[in-house]
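A.B. asks:
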Amino acid sequence: MISPEKVAAAGQLACLLEVSAPKPGNVSPERHFHDTRYEDFLASAVAIGPALAGAGRQTLGATILRAVEDTLRWTKSNTNLGIVLLLAPLAKAALGQGQTLRERLEAVLAATTVEDATAVYAAIRRARPGGLGQSVAEDVSGVPTVTLRDAMGLAAERDAIAREYVSNFELTFAVGVPAVLAARRAGLAWTDAAVEAYLALLERVPDTHIARKLGAAEAEAVSRKAREVRALGGTRSAAGRQALIDLDGELRDEKNRRNPGTTADLTCAALFVVILEGGWDR
């Protein structure tokens, strides 16, 4: 059984690796957004440690709300809501016993309650994520009447993180984790492995953060670009690395509208799983 301290450290490390990797269109060292800097993400990574360590002793909703509130003591804008939504159930599962991590995760997700949804709605309102929009049923501005997993199911079509809650983290385990492991087996550094996972996820599923802001066609166009970068070798070749630089330039604008933020969050979840399952020592 993994200790709470190790779960917290794994979560913090995953966040630090994810933001330190030069993923096109995202914050990384020397590449900032107009309202957030790389340092804000470093502070956020450290801030969520206590909440993740306590995930086994508190409800999932309470873990998510605490992580968001702890983050906001260090930052002035939303830096990690998506990451927290993904890492919290994984942390709770990691602190359980028996079966595999994913099997324990399925039990955690199946056991969510209306109270969990209430706490998560509060966390979302506190974080004030951009481009959220409104929903006809169970909108986050109201009071939930269904469990957290059911509420996520209602948003699954338009949000890849919500979709993870109803698919038992299919993208994380079937796309992100294998991409990280393959990159590490090939001798790539952790930050390059993060970029490789990011490209694999972005190619597989158009980023829903972009889709909400600019439409499905724009999100699909970015996914095609990721496919082209991978075809050139990604981080493994000079041509691929130049294509990564070019794509980064294409995805940047003053309002960060083409930022594949959801894909970055999924990348962090994949890193967290690999580290939890002993990948750091391999």
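The sequence shown begins at 25 in our numbering and counts up by one. In this text, a Cβ means the ideal position worked out from N, Cα and C, and glycines have one as well.
1. Would you mind reading off the limits of the alpha helix (DSSP H) that contains serine 18?
2. What did DSSP end up calling serine 261 once you bin it into helix, strand or coil?
3. Excluding sequence positions up to five away, which residues of its chain have a Cβ less than 7 Å from the Cβ of valine 190?
4. Could you tell me the boundaries of the alpha helix (DSSP H) in which arginine 4 lies?
5. Work out the CA separation of arginine 248 and alanine 68 for me, nearest whole Å.
6. Which two residues bound the contiguous alpha helix (DSSP H) that contains tryptophan 214?
7. Can you look up serine 191 in the DSSP assignment and give me helix, strand or coil?
8. Among residues of its own chain, excluding the 5 on either side of alanine 12, which ones have a beta-carbon nearer than 6 Å to its beta-carbon?
9. Could you name the residues of the same chain whose beta carbon sits closer than 8 Å to that of glutamate 278, not counting the 5 residues immediately before and after it, in chain order?
10. Sorted by chain position, which residues of the same chain lie with C-beta nearer than 7 Å to leucine 256's C-beta, five sequence neighbours on each side aside?
11. From glycine 312 to tyrosine 62, what distance separates their C-alpha atoms?
12. Within the same chain, show all residues whose beta-carbon is closer than 7 Å to that of alanine 288, passing over the 5 residues directly before and after it, in chain order.
13. Alpha helix (DSSP H) containing threonine 287: first to last residue?
14. Is the Cβ-Cβ distance between glutamate 244 and proline 230 less than 8 Å?
15. Mind the definition here: the stretch 85 to 104 touches the stretch 119 to 135 only if three or more C-beta pairs lie below 8 Å; say whether that holds.
16. Within 10 angstroms of the Cβ of lysine 100, are there 16 or more other Cβ atoms? Answer buried if so, exposed if not.
17. Starting from glutamate 278, trace the alpha helix (DSSP H) both ways and give me its first and last residue.
18. Which of the three DSSP states is assigned to threonine 55 in this structure?
19. Are glycine 211 and alanine 115 closer than 8 Å when you measure CB to CB?
20. Below 8 Å CB to CB, which residues in the same chain sit around glycine 302 once its five sequence neighbours on both sides are set aside?
21. Quick check on the burial criterion: 16 or more other C-beta atoms within 10 angstroms. Buried or exposed for proline 45?
C.D. replies: In short, the structure shows the following:
1. Any answer about residue 18 is impossible in this case: the structure gives the chain only from 25 up to 306.
2. DSSP places serine 261 in coil when its eight states are reduced to three.
3. Arg173, Met176, Gly177, Ala180.
4. Beyond the ends of the chain as shown, which are 25 and 306, falls residue 4; an answer cannot be given.
5. The sequence given here has serine at residue 68, not alanine. Distance between the alpha carbons of serine 68 and arginine 248: 31 Å.
6. DSSP places tryptophan 214 in the uninterrupted alpha helix (DSSP H) bounded by 214 to 228.
7. It is helical.
8. Any answer about residue 12 is impossible in this case: the structure gives the chain only from 25 up to 306.
9. So the list reads His58, once near-sequence residues are dropped.
10. The answer, listed in chain order, is Ala263, Gly264, Ala267.
11. Examination of residue 312 is not possible in this model, given that the chain is present from 25 through 306 alone.
12. For alanine 288, where only same-chain residues beyond five positions count, the Cβ hits under 7 Å are Glu42, Lys47, Asn50, Tyr222.
13. For threonine 287, the enclosing alpha helix (DSSP H) begins and ends at 285 to 300.
14. In contact: glutamate 244 and proline 230 (Cβ atoms closer than 8 Å).
15. Contact between the stretch 85 to 104 and the stretch 119 to 135 is absent, because fewer than three Cβ pairs lie under 8 Å.
16. Looking at its Cβ environment, which holds fewer than 16 other Cβ atoms inside 10 Å, lysine 100 is exposed.
17. Where glutamate 278 is concerned, there is no enclosing alpha helix (DSSP H), given that its DSSP letter is neither H nor E.
18. Correcting the residue type first, residue 55 is arginine in the shown sequence and not threonine. Correct three-state label for arginine 55: strand.
19. The answer is no: Cβ separation not under 8 Å.
20. For glycine 302, same chain residues with a beta-carbon under 8 Å away, outside a window of 5 residues either side, do not exist.
21. Before going on, a small fix: residue 45 reads as alanine here, not proline. Alanine 45 sits buried, since 16 or more C-beta atoms from the chains shown fall within 10 Å of its C-beta.
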